[in-house]
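J.:
Number of protein chains: 2
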Amino acid sequence: MTAPNDLVLTRLIAAPRAKIWRCWTEPALLKQWFCPKPWTVSHAELDVRPGGANHIVMRSPEGEEHPNDGVYLEVIPERRLVGTDAYTVGWVPSAKPFMTLVLDLSDEDGGTRYVAAARHWTAADRDSHEAMGFHAGWNAATDQLEELVRRL
Amino acid sequence: MTAPNDLVLTRLIAAPRAKIWRCWTEPALLKQWFCPKPWTVSHAELDVRPGGANHIVMRSPEGEEHPNDGVYLEVIPERRLVGTDAYTVGWVPSAKPFMTLVLDLSDEDGGTRYVAAARHWTAADRDSHEAMGFHAGWNAATDQLEELVRRL
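Protein sequences appear in the order of chains A and B. With the numbering used here applied, the first sequence closes on residue 152, and no number is skipped along the way. With the numbering used here applied, the second sequence closes on residue 1152, and no number is skipped along the way.
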């Protein structure tokens, strides 16, 4: 299902669902692929359960740190991961509900059908996310993810 | 825990948590108390699990129907219920994320400590909810809830 203000990346990844799931849910793995180089992830805490917090700090090549906080909404191991920046832990509304991530993994000939959707509450937020470089950024990160799963 | 843009109703209710929980989660019971009379609830569907939908139609004395749709975020039976209008079922962002309901039930001498918080993303939404009659409305509904639990 897609919603009107979705930005979607989909790929067939030549790896089992279980390995891709690990890359999204284990901090040591997520740090290796989540930010397109030369950006890096300097810190990742992932409490992967509904209502659990995620705290990911992205670091620019100049050393500026950009923290991202959110919570998980739905966790179906190796199948579905949903999270949002609309809340911080304890269901405290965030300053600005910007997006919801819906990751779906399913079996397909050749590996795993990978569908990552960034959902937005408004068309303006979707457009601004796209203008910020959604497609280039998420594709570059997903290239890194594919390279990492090959080594697992 | 309260958040900056909360509106909170708290009471000691002379009934066990289990009966109050039923009034929030069984449609036939919720319909009896959820709207301050002479408003009524003409329809209620409650899929009480994280990500499950709630659909409650409020009917004015003149017969106008006002549908309210949302999803549950956290369900700890007889203890905690969290829901929001920020999503419709399937984690589809709603037209306007207005509020999050956090209901906490705990044992206390004399019955159950009942804490219902309406959380908002902005101070403007909290203020508008208050101006719409939050305190009178939620107190009147809670009077009806107390009257109902006495008969269970």
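Where is the CB? At the ideal position from N, CA and C, for every residue including glycine. Keep in mind that this is a model prediction, so the values were computed, not measured.
When the Cα of A:D109 is compared with those of A:D69, A:G52 and A:P16, which residue comes out closest?
T.: A:P16
J.: Can you name the residues of chain A whose CB is closer than 8 Å to the CB of B:H1120?
T.: P93
J.: Any beta carbon of chain A sitting closer than 8 Å to that of B:L1148?
T.: no
J.: Based on Cα-Cα distance, which residue from A:L152, A:E62, A:H129 and A:Y72 lies nearest to A:A118?
T.: A:H129
J.: What residue range is occupied by the uninterrupted alpha helix (DSSP H) comprising A:V75?
T.: First-last for A:V75: E65 to I76, but that is the beta strand (DSSP E), not the alpha helix (DSSP H).
J.: Whose Cβ in chain B lies nearer than 8 Å to the Cβ of A:N54?
T.: Within chain B, no residue comes near A:N54; the closest Cβ sits about 15 Å away, beyond 8 Å.
J.: Tell whether a beta-carbon distance below 8 Å holds between A:K19 and A:V149.
T.: yes
J.: Please go through the same chain and pick out, in chain order, the residues whose beta-carbon is closer than 6 Å to the beta-carbon of B:A1044, but skip the five residues on each side of it.
T.: P1027, L1030, K1031 and I1056
J.: When you compare the CB of B:A1003 with every CB in chain A, is at least one pair closer than 8 Å?
T.: Judged by the 8 Å Cβ criterion, B:A1003 is in contact with chain A.
J.: So what's B:V1008 in DSSP terms, helix, strand or just coil?
T.: In the three-state reduction of the DSSP assignment, B:V1008 falls in the strand class, which pools E and B.
J.: Quick one: is A:M132 buried, meaning 16 or more other Cβ sit within 10 Å of its Cβ, or exposed?
T.: Within a 10 Å sphere around the beta-carbon of A:M132 sit fewer than 16 other beta-carbons, which makes this residue exposed.
J.: Distance cutoff 8 Å, beta carbons only. Does A:G133 sit that close to anything in chain B?
T.: A:G133 does not count as touching chain B.
J.: Using a Cβ cut-off of 7 Å, which residues of the stretch 62-86 of chain A contact any Cβ in chain B, in chain order?
T.: L73, E74, V82 and A86
J.: With a cut-off of 8 Å, does the C-beta of A:V102 fall near any C-beta of chain B?
T.: Residue-level contact by beta carbon holds for A:V102 and chain B, with a gap shorter than 8 Å.
J.: Take every Cβ of the stretch 47-65 of chain A, pair it with every Cβ of the stretch 76-90 of chain A, and state whether three or more of those distances are shorter than 8 Å.
T.: yes
J.: Would you say A:P16 lies against chain B (beta-carbon separation less than 8 Å)?
T.: no
J.: So what's B:D1143 in DSSP terms, helix, strand or just coil?
T.: helix
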